[in-house]
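This report concerns only the one structure given below.
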Amino acid sequence: MASKVYFTDMRTKDGNGLLNKIYNLMKEAGLDKVDMEKKFVAIKVHFGEYGNLSYPKPQYVKIISDFVKSKGGMPFITDCNTLYVGMRKNAVEHMQCAELNGFNSVTTGCPTIIADGLKGSDDVELPVKDGIYTKTAKIGRAIADADIIITLNHFKGHEVTGFGGALKNLGMGCASRRGKMELHTSGKPAIKKDLCKGCGKCRPVCAQEALSMEDKKMSLDESKCVGCGRCIAMCPFDAIYAQYDEKMDVVNAKIVEYTKAIIDGKPNFNITLMTDISPTCDCHDHNDLPIIPNVGFLASFDPVALDLACIELAQQQPMLQGSVLFKETGGKKPEDILAVVNKGTHWQSHFEHAKKIGLGDCSYDLIKI
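Quick note on numbering that gives the first Met the number 0: the sequence shown kicks off at 0 and runs consecutively.
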């Protein structure tokens with residue numbers, strides 16, 4: 000049976016602004032039928048790297064939070080720490096970044112919890128049913144412990160996965176730092192000797208005894224290393240890093256497998272904002288000119304169908320003059336805008352793998368409200 004994907008445009012009038020449209024979208028899509036009484040509800044967002052302004056705004060989170068509380072639920076806004084160097088690689092800086100970008104208990108109506116803890120090492124392994132590339136998903140503990148997951152997603156292009164939406168917000172965004180290590184790489188971490196201070200903080204967390212000190216610099220024995228990535232989280236100087244050597248289609252497949260593990264047997268609901276549709280991820284400290292106009296808001300209980308609906312709506316839109324998409328095509332609309340914006344990516348592999356492992360068959364009915 001085709002999944003239902005609900006859509007509302009961004010046209011407004013007195014008494015029916017954008018926030019009210021989000022509320023009506025949630026209600027029409029059936030979120031009010033989910034039992035939330037005394038349940039922990041994780042509202043999964045991307046806070047945006049500081050300097051980037053295309054991430055979902057906190058006012059949208061508050062509408063979701065208020066909706067959850069009206070149903071007796073206990074909402075919290077959450078994300079996991081990043082694997083790469085930036086302002087969101089540990090919980091202290093991550094929460095500072097969130098606050099700088101406007102997320103706090105007043106603006107969102109609920110507390111903020113960094114799901115994988117202070118250093119990104121507080122996680123839970125969830126089984127991946129029918130997983131081909133992964134057998135367990137390493138998920139931030141607070142998300143794994145939540146009773147219900149609601150994602151608030153920003154649709155955009157992405158330089159590795161082709162696009163970002165519900166699947167990426169779930170599969171990549173809910174992964175702990177060692178989970179992100181598994182998603183991005185097929186091998187081992189590496190050490191930048193010039194950044195290593197010889198503090199030794201990484202060594203105690205290595206269960207394989209693969210780390211040793213040589214001339215006051217840490218060394219990695221790859222024959223012993225299993226690639227868990229826990230040492231990355233422990234290094235305060237960013238000397239240990241992931242090598243990002245996995246093929247793009249495999250990354251997409253792993254994201255799908257992680258998504259399946261996260262939502263298996265757990266109520267989940269997904270809202271995507273098709274606004275400020277930037278060519279690359281909100282993880283950058285900047286955002287380029289949108290490639291297409293604002294489209295609207297979509298919601299569904301099926302993240303696979305939701306993402307495909309967003310892509311198909313995006314492909315129908317005119318290009319924005321001056322954008323990287325417009326310049327790359329010389330103003331001639333291409334068949335696949337995402338492939339042009341981020342060359343070499345293959346967004347279709349998300350959906351091919353979702354069908355293969357039984358996460359979703361991609362069929363949907365678009366219901367306009």
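All residues carry an ideal CB built from backbone N, CA and C; glycine is no exception.
From the DSSP secondary-structure annotation, give me the bridge partner or partners of residue i.
i      : result
Ala189 : Tyr240
Tyr363 : Ser2
Asn286 : In the DSSP output, where bridge partners are listed per residue, Asn286 has none listed.
Phe268 : Ile149
Ser218 : Ser211
Residue i and residue j look like a contact to me (Cβ under 8 Å); what is the Cβ gap, rounded to whole Å?
i      : j      : result
Asp78  : Gly172 : 6 Å
Phe39  : Ala189 : So it is not a contact: roughly 38 Å between Cβ atoms.
Asp281 : His153 : 6 Å
Asn269 : Pro302 : 5 Å
Ala1   : Asp364 : 5 Å
Could you check what DSSP says for residue i in three-state terms: helix, strand or coil?
i      : result
Val294 : coil
Gly47  : coil
Ala114 : coil
Pro302 : helix
Ser211 : strand
Val225 : coil
Pro370 : The displayed coordinates of the chain run from 0 to 368. Any statement about residue 370 would go beyond what the structure contains.
Thr107 : helix
Ile138 : strand
Lys196 : coil
When you compare each of the options to residue i by their alpha carbons, which one comes out closest?
i      : options                       : result
Met247 : Ile21, Lys259, Ser348         : Ser348
Leu312 : Pro126, Leu125, Ile336        : Ile336
His283 : Lys179, Ile291, Val84         : Val84
Lys32  : Asp214, Gly178, Ala304, Ser69 : Ser69
Thr133 : Asn267, His183, Phe154        : His183
Gly50  : Val159, Met86, Asn23          : Met86
Lys37  : Asp214, Met73, Met212         : Met73
Gly119 : Thr111, Arg140, Asn103        : Arg140
Ile366 : Ser299, Cys198, Glu213        : Ser299
Ala174 : Glu208, Ile138, Ile149        : Ile138
Ile63  : Asp360, Leu18, Lys326         : Leu18
Ala114 : Val250, Ala41, Cys201         : Ala41
Asn251 : Ile149, Asn286, Phe350, Ala90 : Phe350
For the alpha helix (DSSP H) holding residue i, just list the boundary residues, first then last.
i      : result
Met247 : 247–262
Ala145 : Looking at the DSSP string, Ala145 is not in any alpha helix (DSSP H), and its letter there is neither H nor E.
Ile62  : 57–69
Phe325 : 323–328
Glu27  : 17–28
Val339 : 336–340
Gly178 : 176–183
Can you tell me where the beta strand (DSSP E) with residue i in it begins and where it stops?
i      : result
Thr77  : 73–78
Glu124 : 122–126
His345 : It is not in any beta strand (DSSP E) - His345 carries neither H nor E in the DSSP assignment.
Gly156 : 155–157
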